[in-house]
Amino acid sequence: MTIKDLIQLYESKKQKYGNETYKYISELFSEAKELHKSYVKLKGITDTEQSWRAFKGKNLEKLIIYIITNEVRELGLEIVNGSILERTQKLSQDLDMLKRKLCIDYGEFGLHLPDVDIVIYNPKTFKIIAVLSSKVTLRERIAQTGYWKLKLLESKVTKHIKVFFITLDEDGTLLTKKPARKGRAITETDTDGCYILTNKIIEASNRVKSFSDFIKDLKSIL
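Residues in the sequence shown are numbered from 3 upward in steps of one, following my numbering.
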C-alpha cells in the first residue's frame, strides 16, 4: 500500500463525487485500511493498527498536496513538502533560499524550522505565502501549530506568513463553534484558519471552514 494506491482510490471516488470528493477522504482511508492490513500481514507485521496509524498520518499530507497542487500552480505559486526542507544534505539553491526565509531565530540557540507539512510560496520571489499542517485530528498538533504562528509573528521576515491547519477532524472537535471545545478555541484565536475534509455539517466561521474554501481564501491573500 503506497501513496499511489491512495491516489488511485481518490481518483476512483472523484468519478462519483466530482469536486466534492474531499468530503469522503475518511471513507477513502477506511477502505485503504483493510488493504493496508492485508499487505502488512503478508510482510509478517503483527501490530497492524500501529502500522496503519503511521501510514495514514504520513500519507494524508501527501494526498492533500496531490489534491491542491494544480490549483496552487494556477495561481502562479509553488508547493513543497515541509519535510524536504528539514534534510541535512545539500538542498538546491531555490530550496535553500526558501528554508532561510522560513527559519525562526532562537538567538544563541540558532535558527530552526517550524514543524509544518506543506509550504506554499512564490517561485519567482521565494516569498512564502502560507504554511500548512495536516493531521487526522486536531489533538495531534493544533496547539503546536498555534505556537508556530506566534513565533513567526515575532520577526519582520516571517510575520506575513499565514499558518493554516487542514484536518479530517474525525473526532468532531471543530464542528461546533459554541460551546467551543479547546481545539476549536485554539484554532479560532491562534491560527489563520482551519479547513476540514468532511461531509458533516460545520458551524463555520471566518477561521473554521470547509476544505472547499481553501483555494478561494488563498486567492484573497494574493
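For glycine and all other residues, C-beta sits at the position ideal for the given N, C-alpha and C.
Under a Cβ-count criterion, where at least 16 other Cβ atoms within 10 Å of its own Cβ denotes burial, should residue i be classed as buried or exposed?
i           : result
residue 56  : exposed
residue 167 : buried
residue 222 : exposed
residue 14  : exposed
residue 34  : buried
residue 157 : exposed
residue 143 : buried
residue 180 : exposed
residue 108 : exposed
residue 92  : exposed
residue 21  : exposed
residue 185 : buried
residue 62  : buried
residue 119 : buried
residue 23  : buried
residue 6   : exposed
residue 101 : buried
If contacts are defined as beta-carbon pairs under 8 Å, then residue i and residue j qualify, I think. What distance do you get, rounded to the angstrom?
i           : j           : result
residue 151 : residue 117 : Not quite, the Cβ-Cβ distance comes to about 12 Å (not below 8 Å), so this is no contact.
residue 189 : residue 209 : 6 Å
residue 196 : residue 176 : 6 Å
Between the options, which lies nearest to residue i when the distance is taken from Cα to Cα?
i           : options               : result
residue 4   : 31, 17 and 18         : 31
residue 133 : 26, 187 and 147       : 147
residue 95  : 115, 128 and 169      : 128
residue 115 : 97, 208, 124 and 126  : 97
residue 137 : 40, 64, 220 and 102   : 64
residue 201 : 170, 175, 184 and 41  : 170
residue 174 : 160, 66, 207 and 199  : 199
residue 123 : 216, 191, 220 and 207 : 220
residue 76  : 139, 183 and 125      : 125
residue 139 : 163, 149, 172 and 111 : 172
residue 66  : 27, 18 and 37         : 27
Quick one, are the C-beta atoms of residue i and residue j less than 8 Å apart?
i           : j           : result
residue 71  : residue 81  : yes
residue 9   : residue 68  : yes
residue 203 : residue 212 : no
residue 103 : residue 159 : yes
residue 54  : residue 39  : yes
residue 217 : residue 73  : yes
residue 153 : residue 106 : yes
residue 121 : residue 78  : no
Across which residues does DSSP place residue i in a beta bridge pair?
i           : result
residue 80  : 123
residue 113 : 107
residue 101 : BP columns for residue 101 are empty, so no partner.
residue 197 : 168 and 211
residue 137 : 169
residue 130 : 123
Is there a Cβ of chain B sitting closer than 8 Å to that of residue i, yes or no?
i          : result
residue 65 : No chain B is present in this structure, which holds just one protein chain.
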